[in-house]
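First comes the structure, then the notes that go with it.
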Amino acid sequence: MPASQPAHLIEEAKGLLGRSLIRQLNGEQLAGTIVEVELYHEQDPASHSFKRKSDRNSAMFLPRNHAYVYRSYGIHYCLNVTAGEQDEGAAILIRALQPLTGIETMASNRLRKRPSATWDKKMLCSGPGKTTQALGIDLNLNSHSLDAPPLQISSSRGVIKPNEIVTTTRIGISQAREAPLRFYLRGNEFISKK
DNA sequence: TGGACGATCCCCT
DNA sequence: GGGGATCGTCCAT
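So, in structure tokens, the structure goes:
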């Protein structure tokens, strides 16, 4: 991996923090603020796009603001937002949301198998697998444009100051030496891990 | 054709 | 803090 990380992609990843992810599901709107992301790009050995393009990862090579969904550990789905240009092979993993609307439905989606379990807003979207489960995201949304329903990202966001964004190493990486490509909102209670 | 593995989550100790 | 769940994908035979 090169010593320096691609600055334009890092800016795109940071730029997602504070925006809303909006999901239309069965006529209801589910939404949350993006509070934690990780960047993966083509020069990164931990990235799916590091190896040859395949059927599985082709959506990762779409131009920015498309969904790249993949299955992890045979159980969970993870949602990425593509970044950069066509064929650049970069994507931003949505790791955590702060739930805004449709919270009851998110809880229902998350706890379908254990309806009686007690839940807390902070455990609904505090991880990539949890987020897709809460919002009902699966492979049907792979390569979907995030400019329009049923899944989109707001173009506006609140003011985020540079010192409100924490940069740190990613989570769960085993194939590569770690790089500081995880970004989250300082002090936010809804991130996956402190 | 088969075996190993993974950008995770949750329960159990 | 450790390990099981569970399956698509990739690579080696």
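Residue numbers for the first sequence follow the working numbering, so the first one is 991 and each next one is one higher. By construction, the Cβ of each residue, glycine as well, lies at the ideal position given by its N, Cα and C atoms.
| Query | Result |
| --- | --- |
| Please confirm whether S1116 and S1182 have their CB atoms less than 8 Å apart. | yes |
| So within the segment 1009-1081, which uninterrupted beta strand (DSSP E) runs reach at least 3 residues, ignoring any that extend past its ends? | 1010-1015, 1018-1030, 1057-1062 and 1066-1073 |
| Quick check on the DSSP output: what are the complete beta strand (DSSP E) runs of length 3 or more inside the segment 1129-1173, in order along the chain? | 1141-1143 and 1155-1158 |
| Rounded to whole angstroms, what's the CA-CA distance from Q1123 to Y1067? Just pull it up for me. | 8 Å |
| Rounding to the nearest angstrom, what Cα-Cα distance links K1112 and Y1060 in this structure? | 24 Å |
| Along the chain, where does the alpha helix (DSSP H) containing N1099 start, and where does it finish? | I1093 to R1100 |
| Just mark V1027 as buried or exposed, buried being the case when its beta carbon has 16 or more other beta carbons within 10 Å. | buried |
| Give me the Cβ distance between P1118 and L1083, rounded to the nearest whole Å; I'm assuming they're in contact under 8 Å. | 6 Å |
| So is T1072 buried or exposed if we call it buried at 16+ other beta carbons inside 10 Å? | buried |
| Tell me which same chain residues have a C-beta within less than 7 Å of the C-beta of A1097, skipping the five on either side of it? | W1109 and L1114 |
| Do G1022 and L1087 have their CB atoms nearer than 8 Å? | yes |
| For A997, tell me which candidate among H1134, L1029, I1024 and N1132 has the shortest Cα-Cα distance. | L1029 |
| Where does P1118 sit, in a helix, a strand or coil, going by DSSP? | helix |
| Measure from the alpha carbon of E1002 to the alpha carbon of each residue in S1145, F1180 and I1161, then state which is nearest. | S1145 |
| Distance, Cα to Cα, L1101 vs R1046? | 29 Å |
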